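Residue numbers (UniProt numbering): 1 to 325. Ideal Cβ positions, reconstructed from N, Cα and C, are used throughout, including at glycine. Note that the structure is predicted; figures quoted are calculated from it, not measured. Reviewing the structure listed below.
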Amino acid sequence: MTSTFSPGLRTLLQIDDPRTFLDQCWPDRHVVVHGPIERLTGFADISAAEDVRALLEHGHTYRRVDYRSSTQFFSVENPSIEEAYHLYQIGFTLYVYDVDSPAFNAWKVALAEELNLPPGGVVMTAFASRPGAGSRAHFDAQENFMVQVRGHKRWRIAPNKHVAYPSDNYFVGSEPNATLRKQIQGPLPQDIPEDALTVDMQPGSVMFLPRGYWHETDTVEDSLHWVVQAQVPIWSDVLQFILKHTPLMHELPWRSPVARAWKGTGPSADLMRELGAKLRELGSWLEQANAEELLGSAVREQVQQEMIQSIKAAQPTLNPPPEGR
């Protein structure tokens with residue numbers, strides 16, 4: 001790592017002031033920039049070797065290899081490093097999730113701070129693919145920065161006019177899940193929208209894609225690109241977090257069992273009656289609550305729980321004493 005290493009939006013997007021991006025584009029407008037690969041310390045380091053083993057041998061939490069042809073698509077989840085490398089060589093696309101390195105940690109901390117994300121809100125994921133490989137049209141349920149570090153990959157991208165801020169990923173030709181069916185506005189397309197823009201990504205290119213943006217890819221030559229996943233919370237996430245950790249949920253009325261919850265094929269009349277009363281009680285409580293105190297209390301409880309779990313995990317496992325002693 002050199003003394004000029006400066007992770008963050010200024011370096012990633014080659015801009016003088018990150019506020020330009022944050023005010024004009026984040027999180028709804030796509031951005032494409034092309035520049036020297038040398039600025040991307042950390043991203044380029046891992047890909048320096050032509051052998052993708054350098055990538056596989058870095059710490060990560062999940063890996064997968066995908067194969068796509070005009071008639072079929074299938075995946076192999078968590079193959080061994082040997083299997084993953086072999087399948088990559090014969091044309092599978094390699095997907096490595098949550099890659100760890102000291103340089104990446106610096107990027108994650110800097111980007112999370114600039115994007116106002118909670119700790120752990122930035123994840124580094126890699127895609128390595130051979131010529132001819134690619135992905136069919138789809139959208140993702142998070143904000144992503146694509147960082148091309150080796151080879152040439154062609155993208156086609158388009159804004160999503162079918163569902164705003166989707167909470168799940170979707171590939172064309174598949175059946176939307178129950179959650180997406182509640183969010184979509186009209187039938188989903190069977191191909192990338194006709195107004196899609198073509199973007200050629202070369203080493204040093206960076207593209208920001210908003211949540212839900214349609215995209216498909218074709219690998220022109222051996223390619224490695226990183227996806228910086230910005231896991232931006234949505235309002236329902238915030239509310240669920242508060243309800244899970246706020247002291248109200250630990251008070252006696254909310255801990256009591258629902259004794260007659262189900263009758264026949266659906267919720268019982270008792271449940272629906274009591275639920276109505278509980279929702280009115282919750283609404284009244286939320287209306288009087290102080291937002292800053294409410295969220296602060298929830299965050300403090302979450303931190304305490306994580307600390308306790310960390311301490312427990314660090315304790316040595318003790319064998320129980322023999323019976324009778």
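query	result
How long is the line joining the alpha carbons of P233 and Y165, rounded to whole angstroms?	11 Å
If the criterion is Cβ atoms closer than 7 Å, does the pair V32 and V199 meet it?	yes
Near E306, which residues of its chain fall below 8 Å by C-beta distance, leaving aside the five closest residues on each side in sequence?	none
Where does E274 sit, in a helix, a strand or coil, going by DSSP?	helix
Return helix, strand or coil for A230, following the three-state DSSP convention.	strand
Could you give the distance in angstroms between the alpha-carbon of I15 and the alpha-carbon of V206?	12 Å
Please state the DSSP three-state secondary structure of L56.	helix
Between the C-alpha atoms of A112 and L9, what's the straight-line distance to the nearest angstrom?	10 Å
Would you tell me roughly how many angstroms separate the C-alpha atoms of R156 and Q231, rounded to the nearest one?	23 Å
For A158, which beta-bridge partners are listed by DSSP?	W214
Can you find the residues in the same chain that come closer than 8 Å, C-beta to C-beta, to G91, ignoring five residues on each side of it along the sequence?	Y67, R130, G132, A133
Tell me, to the nearest whole angstrom, how far the beta carbon of R211 is from that of V172; I am working on the premise that it is less than 8 Å.	Not quite, the Cβ-Cβ distance comes to about 17 Å (not below 8 Å), so this is no contact.
In whole angstroms, give me the CA-to-CA distance for S284 and A277.	11 Å
Classify D45 as helix, strand or coil using the three-state DSSP reduction.	helix
Suppose the cutoff is 8 Å on Cβ atoms and the five residues either side in sequence are ignored; what does the same chain contact list for I242 look like?	L294, L295, A298
DSSP has residue 326 in a bridge; who is on the other side?	Lying outside 1 to 325, the shown extent of the chain, residue 326 is not represented and no answer is given.
Using C-beta distances below 8 Å, list every residue in its chain close to L55, excluding the 5 sequence neighbours before and after it, in chain order.	I46, S47, L94, V96, V99, A126, A128, L224
Answer yes if the region 25 to 44 comes into contact with the region 184 to 196, meaning at least three C-beta pairs across the two stretches below 8 Å, and no otherwise.	no
How many whole angstroms separate the CB atoms of V220 and R154, which I take to be in contact at a CB cut-off of 8 Å?	6 Å
Express the C-alpha separation of Y62 and E83 in angstroms, rounding to a whole number.	14 Å
Can N160 and F139 be called in contact, C-beta distance under 7 Å?	yes
Identify which residue in G264, E287, W26, L282 has its Cα closest to the Cα of L117.	W26
Counting along the chain, where does the alpha helix (DSSP H) carrying H86 start and finish?	81 to 89
When DSSP labels each residue in this structure, what does K153 get in the three-state scheme?	strand
What are the boundary residues of the alpha helix (DSSP H) that includes F5?	Careful: F5 lies outside any alpha helix (DSSP H) and carries neither H nor E.
Using CA atoms only, rank isn't needed, just tell me which of H162, N105, S174 is closest to Q72.	S174
Among the candidates G59, P253, L180, whose CA atom is the shortest distance from the CA of S167?	L180
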